[in-house]
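Numbering (our numbering), first residue to last: 32 to 310.
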């Protein structure tokens with residue numbers, strides 16, 4: 032385990048171009064950092080995240096990374112036990128300036144659009160684009176390994192595409208909202224009628240489900256990651272408040288970074304890092 036973690040840390044530390052994408056993490060104590068994908072076919076995932084969605088490819092020895100503003104997508108060659116649906120993290124979401132062009136590109140490349148089946152009947156869906164009564168335009172696509180991604184149109188964002196949200200599926204969103212507010216200082220709010228937590232670079236949406244869900248570890252989206260300033264102190268605070276860590280604070284002094292892991296009470300596997308934004 033220690034060797035694997037150090038290998039991962041080395042890969043992260045060497046990857047300067049992608050780290051520059053963690054814009055929100057530069058000046059904030061806790062911000063979003065990465066999605067970690069278990070990929071049965073890494074090249075198929077690169078095609079999806081780069082050619083279809085518009086990320087930037089960055090390879091390092093032993094690790095493949097695709098970068099977007101405010102998130103790095105790490106691809107590990109490991110067959111997942113299932114897709115994102117059915118887990119506590121149902122999907123991840125991105126904003127795009129031109130959703131029609133994005134959907135047309137996804138369709139031309141053969142990806143399965145699932146907008147109609149993922150939206151309530153209150154949304155009108157035409158050509159795989161869903162529109163609410165308030166005018167919001169969104170779409171859903173299934174990537175490799177049944178990795179579900181939502182796209183939201185926002186013509187005013189500074190980048191063609193950027194991270195927007197993580198969308199959980201839990202029986203009690205208010206309890207999860209309070210947990211992330213307490214432990215990661217996420218600011219409580221609401222979005223689409225669901226409780227949320229706001230952190231720099233990401234919205235945490237705690238959506239409802241009446242269906243049983245399973246933990247993320249081993250699935251297509253294995254874990255999510257937050258970049259932290261003062262990670263050692265945060266780990267002490269988590270432990271003092273009763274959070275059991277899967278891996279405690281681990282400094283990698285030669286590289287100037289540190290890492291830690293925990294699983295939240297609902298089964299979300301979470302990595303904490305410190306130092307990625309400095310590269």
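By construction, the Cβ of each residue, glycine as well, lies at the ideal position given by its N, Cα and C atoms.
- Judged by their CB atoms, residue 55 and residue 101 are nearer to each other than the 8 Å cut-off.
- With contacts defined as CB atoms closer than 8 Å, residue 118 and residue 301 fail to qualify as a contacting pair.
- In this chain, the alpha helix (DSSP H) harbouring residue 204 covers 204–215.
- If you ignore the 5 residues before and after residue 234, its C-beta comes within less than 7 Å of the C-beta of 195, 196, 222 and 227, all in its own chain and listed in chain order.
- Around the Cβ of residue 204, a 10 Å sphere holds 16 or more other Cβ atoms; the residue is buried.
- When beta bridges are read from the DSSP output, residue 226 appears opposite 221.
- Counting of Cβ neighbours within 10 angstroms places residue 275 among the exposed residues, the total staying below 16.
- Bounds of the alpha helix (DSSP H) holding residue 73 are 73–77.
- Sorting 171, 104, 74 and 125 by C-alpha distance to the C-alpha of residue 143 places 171 at the top.
- By the neighbour-count criterion, in which a residue is buried when 16 or more other Cβ atoms sit within 10 angstroms of its Cβ, residue 86 is buried.
- Residue pairing by DSSP places residue 281 opposite 290 in a beta bridge.
- Following the DSSP letters along the chain, one finds residue 307 in no beta strand (DSSP E), marked with neither H nor E.
- Counting every other CB atom within 10 Å of its CB across the protein chains shown gives residue 250 a total of 16 or more, marking it as buried.
- Following the DSSP letters along the chain, one finds residue 98 inside the beta strand (DSSP E) bounded by residues 94–99.
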